[in-house]
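Written below as structure tokens is the structure these notes are about.
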Amino acid sequence: KISKYTERSEALHCSTHKGMWQAEMSDQHKCVLVSIAHFLGFRPGQLVFDWGSGCGHKLSWAKMLFDVNGLGLDIMSAAVAWASVHSAGT
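Following the numbering used here, the numbering of the sequence shown begins with 2 at its first residue and continues without gaps.
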């Protein structure tokens, strides 16, 4: 089941709006992130953990929109490598 994510991460899907998904999902994912951030009360400087962070897009949005610090974990090494270079924050 994870072979599709291996293929997508190695095909540089992280540099597209699809990320690790089959279709363009960034608008929906950003909406979910904002809803969760408001529900949980994200505050600047807080640490947010994203299990299955893929390309790191959601953590980058969280940094840009709420000034939280993110820690992502994913098993796709190509996606992690891309996120390490391109994600917002440290």
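For each residue, glycine too, the CB sits at the ideal point set by N, CA and C.
G57 is the residue among I37, G57, G42 and M65 whose C-alpha sits nearest the C-alpha of K19. Counting only runs that start and end inside the segment 21 to 90, the beta strand (DSSP E) elements of at least 3 residues fall at 48 to 52 and 70 to 74.
Distance from the CA of S61 to the CA of L34, rounded to the nearest whole angstrom, comes to 11 Å. Separation of D75 and A38 (C-alpha to C-alpha, rounded to the nearest whole angstrom) is 21 Å.
Taking G73 as the centre and dropping the five residues before and after it, the same chain places the C-beta of D51, S54, G57, L60 and A84 closer than 7 Å to its C-beta, in chain order.
Taking the CA atoms as reference points, S16 sits about 11 Å from V86. Residues of the same chain with a CB within less than 6 Å of the CB of V81, apart from the 5 flanking positions on each side, are D75 in chain order. Cβ-Cβ distances below 6 Å link P45 to D68 in the same chain, with the five nearest sequence neighbours on each side left out; the list follows chain order.
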